[in-house]
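Q:
Numbering (the numbering used here), first residue to last: 354 to 1118.
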């Protein structure tokens, strides 16, 4: 043990030959199961076991998972708890099981032949010494303490025995007198030297690969050892006393039933099955009885049987008399109507009634005849054809059909019945009333949710990393936020759509849920057609090496603008009352619409009114200031920023962009500012009708003002200065500043409006 101290060390070993994988079948859907209720007496031991597995690195707590398997705590002999997962409900159904064969017991025992003494090595937590790769995400267990993910190979998986047996056999291959069956390794040798040598090689390989054994369960150099229900010693293989205790203590059989039970009991050891031959001879011979039943059940009906049954049949016995003695003038009974119609074609042959070349079968033999006719399972049409060649009785076609339809073999192997004519869903005039959804994929590892509106044929496609109910609800919630809530939602009976969470979501939003029958996609035809259309688009994108997401969005834009054959309109026109803009719209320009809009805008401008103004670079102006004690500050025009905006220098090395309505001229006849520091006794002269300025007017401030100005009089009250636009004299154009006060513009006067002008307010000093 000192030489191989790592093999016998405490703790969990780790196989250094690589990580192992578990594989799921294609299209496997995640299964999440709730934690099972746990007895209060087991909670504390289970929690201790979980904590120990976490410390050993076997388990890792996780917050979320698509897979979850409930646990089954098992009480071991030493009183501890073993955590087992019930994977038969989840993973085992969809696992690609590693079919590595377990060795036959006879083969293992033959390897140990000739051994003098025997040693048995038991690997400590055998499966848990093999690490899992990324596939460990499927092994999550659900406990009352939350979710845990296995990092090591776990008991309960269908693939675990095959994986473990494969790696351990490859590890110990080539070693003589060594048998491996899962975690039990048996070593022997023809003598002690060979035995020790074989033990040394086994421990050397285990240590080099990081595996450890449980020394409490190991046995070394024993004269006999229990292995797989057998006792192995140098004398050979013997039965295990514990296994044959029930056989030894079984009382001797006293009747046939007890004898059969005894024979089944001793079959536990296959080698013993050849010993009780004298006992078998005492069993009754059932073969002869079965043979008699076979002949009785399938013996063909002969002419003598028909003749005898005809004479005793209530109907045919009367028909026999009528054929021999003559028919009455009318049919005596309704049940004989079919015979009466054919009365001229019926005759008797060797005591049997014949209709043409067909034998009329009595009622008691019809079932046997039907069985003989249908022996070949030829179907209704061909069975009728065969029957018409040999036999007849009233309503024979109906009886043949009933016999064929009742045949279980024909029903199981027959094809599906002919499809019924398609039944269209009711059409809703209101858009977005009934939606059909289905999944597409997996397609190159991706799955998509397809949603189509039955009224407008509007199509939506969403890539789905997860296909559970929560993910579907998230997508539908975003879609409903854009288009509103539908009245109905049609889907198949997949797990996401039948979950309680999904049903609650629809009920809460007043949406009626409808299901298509299982394995009948045509009932959800709208979604099925949409899936096929999108599948073709994805395949074309792959063929042209185009990004699937980009190709899907391009396809959806084109599809929504295309006229649908059912509605005669495009989905975008029916749902949004417009055609979505695409690259093709760059090829044309609707000038008629543009001109119409421009005319409407011109009328609005004309109706609103206003004065057109423009400024030249370098022109001194007043600029409207906000949040300042002076509402108007000085500035200079720098340049224009468009038809209505100017960049203005305010004199403090700052340039601001102002609208033309926030600017007024600082040089002109009527744009005379009145700063607060100006003398109150200053007299402002108003130009007379000739346009000449009175005394007191500054020569440098000439030019018309287009906005009202506030002035201060002797009383200190503010007055509104009348805009120069309202006191223009006839024959003078004040749209631009005049070059001289005495030189009026020669341009013709503007048309005067019919408005009543208010009198001029004079400034009185």
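Glycine included, each C-beta is placed from N, C-alpha and C at the ideal position. Note that the structure is predicted; figures quoted are calculated from it, not measured.
Helix, strand or coil, according to DSSP, for residue 416 in the structure here?
A: Here residue 416 corresponds to residue number 63 of the chain shown, with the count starting at 1. Correct three-state label for residue 416: coil.
Q: Looking at the structure shown, is residue 656 part of a helix, part of a strand, or coil, going by DSSP?
A: Here residue 656 refers to the residue found at position 303 when the chain shown is read from its first residue. If DSSP states are grouped into helix, strand and coil, residue 656 belongs with the helices.
Q: Verify whether the separation of the beta carbon atoms of residue 511 and residue 448 is less than 8 Å.
A: Along the chain shown, one-based indexing puts residue 511 at 158. Along the chain shown, one-based indexing puts residue 448 at 95. Contact: yes.
Q: Return the chain-ordered list of same chain residues with a C-beta closer than 7 Å to the C-beta of residue 380, the five sequence neighbours on each side being excluded.
A: One-based indexing of the chain shown puts residue 380 at position 27. Here the set comprises 795.
Q: Name the residue from 1014, 995, 994 whose alpha carbon lies nearest to the alpha carbon of residue 978.
A: What you label residue 978 is simply residue 625 of the chain shown in a count that begins at 1. For residue 978, the nearest C-alpha among the options comes from 1014.
Q: What first and last residue would you give for the beta strand (DSSP E) that runs through residue 899?
A: Along the chain shown, read from residue 1 onward, the residue named residue 899 stands at position 546. Taken as a continuous stretch (DSSP letters only), residue 899 belongs to no beta strand (DSSP E), as it is neither H nor E.
Q: So, with DSSP's three-state summary, where would you put residue 796?
A: Position 443 of the chain shown, counted from the start, is the residue given in the question as residue 796. Here residue 796 sits in strand by DSSP.
Q: Per DSSP, what are the beta-bridge partners of residue 438 in this structure?
A: Mapped onto the chain shown, residue 438 falls at position 85. In DSSP, residue 438 forms a bridge with 424.
Q: If I follow the unbroken alpha helix (DSSP H) through residue 463, where does it start and stop?
A: Counted from its first residue, the chain shown places residue 463 at position 110. Unbroken alpha helix (DSSP H) run through residue 463: 458-464.
Q: Please classify residue 504: is it buried, with 16 or more other beta-carbons within 10 angstroms of its beta-carbon, or exposed?
A: As a working note, residue 504 is residue 151 in the chain shown. Residue 504 comes out buried.
Q: Kindly indicate which three-state DSSP category residue 575 falls into: helix, strand or coil?
A: As a position in the chain shown, residue 575 is number 222, starting the count at 1. Residue 575: strand per DSSP, three-state reduction.
Q: Going by the CB atoms, is the gap between residue 476 and residue 566 shorter than 8 Å?
A: Numbered from its first residue, the chain shown carries residue 566 at position 213. Numbered from its first residue, the chain shown carries residue 476 at position 123. Going by C-beta atoms, residue 566 is nearer than 8 Å to residue 476.
Q: Rounded to whole angstroms, what's the CA-CA distance from residue 570 to residue 587? Just pull it up for me.
A: Taking the chain shown and counting its residues from 1, the one referred to as residue 570 is at position 217. Taking the chain shown and counting its residues from 1, the one referred to as residue 587 is at position 234. Near 22 Å, if we compare the C-alpha coordinates of residue 587 and residue 570.
Q: When burial is assigned at 16 or more other CB atoms within 10 Å of the CB, is residue 992 buried or exposed?
A: To locate residue 992, count along the chain shown from 1; it is residue 639. Per the 10 Å Cβ criterion, exposed.
Q: Quick one, which of 688, 798, 692 has its alpha-carbon nearest residue 673's?
A: Position 320 of the chain shown holds residue 673. Among 688, 798, 692, the Cα nearest to that of residue 673 belongs to 692.
Q: On the criterion of 16 or more Cβ atoms from any shown chain inside 10 Å, does residue 895 qualify as buried, or is it exposed?
A: Taking the chain shown and counting its residues from 1, the one referred to as residue 895 is at position 542. Exposed, because fewer than 16 other Cβ atoms sit within 10 Å of the Cβ of residue 895.
Q: Expressed to the nearest angstrom, what Euclidean distance is found between the alpha-carbon atoms of residue 739 and residue 777?
A: If you number the chain shown from 1, residue 739 lands on position 386. If you number the chain shown from 1, residue 777 lands on position 424. Between residue 739 and residue 777, the C-alpha separation is close to 42 Å.
Q: For a test of the three-state rule: what should DSSP assign to residue 449, helix, strand or coil?
A: Taking the chain shown and counting its residues from 1, one reaches residue 449 at position 96. If DSSP states are grouped into helix, strand and coil, residue 449 belongs with coil.
Q: Determine the burial state of residue 518: buried for a count of at least 16 other Cβ atoms within 10 Å of its Cβ, exposed for fewer.
A: Mapped onto the chain shown, residue 518 falls at position 165. Residue 518 is buried by the Cβ-count criterion.
Q: Taking only three categories from DSSP, how would you classify residue 506?
A: The residue given as residue 506 occupies position 153 in the chain shown. It is coil, neither helix nor strand.
Q: Would you call residue 492 buried or exposed, if buried means 16 or more other Cβ atoms sit within 10 Å of its Cβ?
A: Position 139 of the chain shown, counted from the first residue, corresponds to residue 492. Buried: at least 16 other Cβ atoms inside 10 Å.
Q: Spell out a yes or no on whether the stretch 426-440 and the stretch 386-401 are touching, meaning 3 or more CB-CB pairs, one atom from each, closer than 8 Å.
A: Because the criterion of three Cβ pairs below 8 Å is met, the stretch 426-440 and the stretch 386-401 touch.
Q: Would you call the CB atoms of residue 821 and residue 383 closer than 8 Å?
A: Locating residue 821 in the chain shown gives position 468, counting from the first residue. Locating residue 383 in the chain shown gives position 30, counting from the first residue. It is a contact, given that the beta carbons lie within the stated cut-off.
Q: Where does the unbroken alpha helix (DSSP H) through residue 352 begin, and where does it stop?
A: This structure cannot speak to residue 352, because the chain is shown only from 354 to 1118.
Q: On the DSSP bridge assignment, give the partners of residue 805 in chain order.
A: Along the chain shown, one-based indexing puts residue 805 at 452. According to DSSP, residue 805 bridges with 789, 812.
Q: Taking C-beta to C-beta, are residue 862 and residue 840 nearer than 8 Å?
A: Start at 1 with the first residue of the chain shown, and residue 862 comes out as number 509. Start at 1 with the first residue of the chain shown, and residue 840 comes out as number 487. The answer is no: Cβ separation not under 8 Å.
Q: Would you tell me roughly how many angstroms separate the C-alpha atoms of residue 368 and residue 568, rounded to the nearest one?
A: Sequence index remark: in the chain shown, residue 368 carries index 15 (1-based). Sequence index remark: in the chain shown, residue 568 carries index 215 (1-based). Going from the Cα of residue 368 to the Cα of residue 568 covers about 18 Å.
Q: So if DSSP puts residue 868 in a beta bridge, which residue, or which two residues, is it bridged to?
A: Residue mapping note: residue 868 aligns to position 515 of the chain shown, counting from 1. Residue 868 is bridged to 844.
Q: Using the Cβ count rule (16 or more neighbours within 10 Å means buried), how would you classify residue 809?
A: Within the chain shown, numbered from 1, the residue matching residue 809 stands at position 456. Buried: at least 16 other Cβ atoms inside 10 Å.
Q: Just the C-alpha distance for residue 478 and residue 805, rounded to the nearest angstrom, thanks.
A: Position 125 of the chain shown, counted from the first residue, corresponds to residue 478. Position 452 of the chain shown, counted from the first residue, corresponds to residue 805. If you take the alpha carbons of residue 478 and residue 805, they lie about 54 Å apart.
Q: For residue 957, count neighbouring C-beta atoms within 10 Å of its own C-beta (all shown protein chains included) and say buried if the count is 16 or more, exposed if not.
A: Stepping through the chain shown from its first residue, residue 957 is reached at position 604. Exposed, since its Cβ has fewer than 16 Cβ neighbours within 10 Å.
Q: Over the uninterrupted beta strand (DSSP E) stretch that includes residue 495, give me the two end residues.
A: Stepping through the chain shown from its first residue, residue 495 is reached at position 142. Per DSSP, residue 495 belongs to the beta strand (DSSP E) from 494-496.
Q: Would residue 451 and residue 515 qualify as a contact pair, given that the criterion is a beta-carbon distance under 8 Å?
A: Counting from 1 along the chain shown, the entry for residue 451 is found at position 98. Counting from 1 along the chain shown, the entry for residue 515 is found at position 162. Yes, the pair counts as a contact, with Cβ atoms nearer than the cut-off.
Q: Indicate whether residue 793 and residue 884 have their beta-carbon atoms separated by less than 8 Å.
A: For the purposes of this step, residue 793 is identified with residue 440 of the chain shown, where counting begins at 1. For the purposes of this step, residue 884 is identified with residue 531 of the chain shown, where counting begins at 1. Yes.
Q: Can you give me the C-alpha to C-alpha distance between residue 815 and residue 800, rounded to a whole angstrom?
A: As a working note, residue 815 is residue 462 in the chain shown. As a working note, residue 800 is residue 447 in the chain shown. Cα-Cα distance, rounded: 9 Å.
Q: Return yes when the Cβ of residue 396 is within less than 8 Å of the Cβ of residue 466, no when it is not.
A: Walking along the chain shown from the start, residue 466 turns up at place 113. Walking along the chain shown from the start, residue 396 turns up at place 43. No. Outside cutoff.
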